[in-house]
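Notes follow the structure.
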Amino acid sequence: MKLFKSILMIALIFIVLYGCQKDIIGPLGNNMTPPGTVSNVKVLNQSGQATLTYTLPTDDDIAYVKAEYTLLSGAKREVRASFYTSQMVVDGFGDTEVHTVTLRVVNKSEVPSAPITVQIKPLENAIQIAFRTMKVVAAFGGINVSLTNTGKANLSIIPMRQQGYKGWVPFDGIYTAAEVVSKNIRGLETVPIKIAVVIRDRFLNQTDTLFAEVTPLFEMPLAKSLYKEMPGVIWPGDQKANFSNNGIDATGIKRMWDGETVAWPSCAYTPPTVTDQGPHSITFDLGQTAQLSRLVIWDYPETISARKTYFYRGNMKNFEIWGSANPNPDGSYDSWYKLGTYQSVKPSGLPYGEVSDEDLTTAQAGFSWDLDINVPKLRYLRIKNLSNWQGTNFLLITEVQAYGNPK
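Here the working numbering is used: the sequence shown runs in plain steps of one and ends on residue 450.
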């Protein structure tokens, strides 16, 4: 019986293998008659591309429509569109010259139709538009590259610095589709440096080069040993942050500079039950006046299913940072400068309560929030939480580090 089963199994395997050998990958049909051509072709010229709309022929075995054209660089490009649609986008153009596009209908036997040609004249590429708005200026600890990307196109911004015999050495690229771009490159010495920046798109079209010579501004981490609470000062909107769940170990504002970024209760935690007093805020003293450049904030990680989770509950999502050199005793904002309005964005875009490895890495490194430098030297900081990731007002901050120039 066992021998019979073995013989049967071998026979089945042989049949399957033999059947597979007869499968031939190739055209889905055997119609060697060329299909009809597209008609009523209309052109909509756009930035770096053109959208073509057309009427398909009545053939019943159309597979796709293909467009063939040559870019200014001499590179050949082909774009295909399914027979389920009557339009296609021809892209990759880095110029505004007239280009000839050849259209062919292809049937399921891979037989093409006669060619139809159409002229397009793409509008200016988004990288050129963005390039005209680009600026490179000195920033604290480095440089700032900024531009406006009105079309929200995918840009590759390549900043470089001149380094003697090495020539132009690139920094990490800036890859973005944001409408407003402002990126700081830090870790540079406060000496004059020569910078060059170009912008590319995914087709490797490239702008001219923007050159600049800048001297990074001096910044240093402001000593946390000088930070302090403001005992007895509770201004409108400010909340006590000394929450305790056992009556002994309590959170508190001073916990934000103890060097601990993970463990409970090492954080400032305003009361979640206070929901009728508007945005929660906390105020603290840096212990010295300084030209502030940025504030790094570490969010407190909640634990869900034994995993640390950020972008959750009281982690701030929309907030403001204010600074003052001499606060008005009544707590009004008259003596404060708004240093920025901020929004925390989860890199992965995953739903609330879910985090990726990239989300964790980003949050664990702390969030560096650039402050308005066009204000006088300041000493006091006020963080105003407009909304947290839970959608309420309380806040959870585990650590802060201010940067600037105290000289």
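All C-beta atoms, glycine included, are put in the ideal place defined by N, C-alpha and C.
Legend entry - Cβ-based neighbour list, Leu99, same chain, cut-off 8 Å, excluding 5 preceding and 5 following: Same-chain partners within the cutoff: Val81, Ile105, Val108, Phe126, Ser129 and Val148.
Legend entry - Chain-order list of residues whose beta-carbon lies under 6 Å from that of Thr304 (same chain, five-residue window excluded): Taken in chain order, the residues that qualify are Trp341, Thr441 and Glu442.
Legend entry - Contacts around Ile67, its chain only, beta-carbon distance under 6 Å, and the 5 residues preceding and following it disregarded: Annotation note: pLDDT 49 at Ile67 (below 50); position unreliable, no value reported.
Legend entry - Minimum length 3: unbroken beta strand (DSSP E) runs contained in the stretch 359-416: Counting whole runs of 3 or more residues, the stretch 359-416 contains the beta strand (DSSP E) stretches 359-367, 380-386 and 410-413.
Legend entry - Whole beta strand (DSSP E) elements within the stretch 149-180, 3-residue minimum: At a cut-off of 3 residues, the continuous stretches assigned as beta strand (DSSP E) that sit fully inside the stretch 149-180 are 159-163.
Legend entry - Option in Ile416, Pro78 and Gln171 with minimal Cα separation from Thr252: The shortest Cα separation from Thr252 among Ile416, Pro78 and Gln171 belongs to Gln171.
Inset, instruction - With Gly357 as the anchor, note down where its beta strand (DSSP E) starts and where it stops. - result: Counting along the chain, Gly357 falls outside any beta strand (DSSP E), and DSSP gives it neither H nor E.
Legend entry - Where the beta strand (DSSP E) through Met131 begins and ends: Here the beta strand (DSSP E) through Met131 covers Gln130 to Asp134.
Legend entry - Residue burial classification, Glu262 (beta-carbon count within 10 angstroms, cutoff 16): Classification of Glu262: buried, given that the 10 Å Cβ count is 16 or more.
Inset, instruction - Buried or exposed for Ser116, please, with buried defined as at least 16 other CB atoms from any protein chain shown within 10 angstroms of its CB. - result: Residue environment for Ser116: exposed (fewer than 16 other C-beta atoms within 10 angstroms of its C-beta).
Legend entry - Those residues which DSSP pairs with Arg120 across a bridge: The partner list for Arg120 (beta bridge, DSSP) reads Tyr112.
Legend entry - Outcome for Lys65 when other beta-carbon atoms lying within 10 angstroms are tallied against a minimum of 16: Note that Lys65 scores a pLDDT of 49, beneath 50, so its modelled location is shaky; the value from the coordinates is reported in the next line. When all chains shown are included, Lys65 counts as exposed.
Legend entry - Close-in-space but distant-in-sequence residues of the same chain around Pro77 (CB under 7 Å, 5 per side omitted): Val154, Pro155, Ser156 and Ala157.
Inset, instruction - Pull up the distance between the alpha-carbon of Tyr423 and that of Glu345, whole angstroms please. - result: Rounded to the nearest angstrom, the two C-alpha atoms are 28 Å apart.
Inset, instruction - Measuring alpha carbon to alpha carbon, tell me which of Gly280, Trp300, Trp307 and Asp301 ends up nearest Phe286. - result: If we check each option's Cα against that of Phe286, Trp307 comes out closest.
Inset, instruction - Report back the beta-carbon spacing between Ser90 and Glu167 to the nearest angstrom; my notes put them in contact at under 8 Å. - result: So it is a contact: roughly 6 Å between Cβ atoms.
Legend entry - Reduced DSSP secondary structure (H/G/I, E/B, other) of Ile296: In this structure, Ile296 counts as helix in the three-state DSSP scheme.
Legend entry - Alpha-carbon spacing of Trp412 relative to Val339, whole angstroms: One C-alpha to the other measures close to 6 Å.
Legend entry - 8 Å Cβ shell around Met75 - same chain, five flanking residues per side excluded: Ser152 and Val154.
Inset, instruction - Tell me where the beta strand (DSSP E) around Ala266 begins and ends. - result: Careful: Ala266 lies outside any beta strand (DSSP E) and carries neither H nor E.
Inset, instruction - Confirm, please, whether the CB-CB distance from Gly447 to Phe183 is below 9 Å. - result: Taking 9 Å as the Cβ cut-off, Phe183 and Gly447 qualify as a contacting pair.
Inset, instruction - Can you check DSSP and say which residues form a bridge with Gln89? - result: Beta bridge pairing from DSSP links Gln89 with Gln92.
Inset, instruction - Would you please state the rounded distance, in angstroms, between the beta carbons of Trp300 and Tyr270? I believe it to be under 8 Å. - result: Contact holds; Cβ gap of about 5 Å.
Legend entry - Segment limits, beta strand (DSSP E) that includes Arg451: The chain is shown from 44 up to 450; residue 451 falls before or after that span and cannot be answered.
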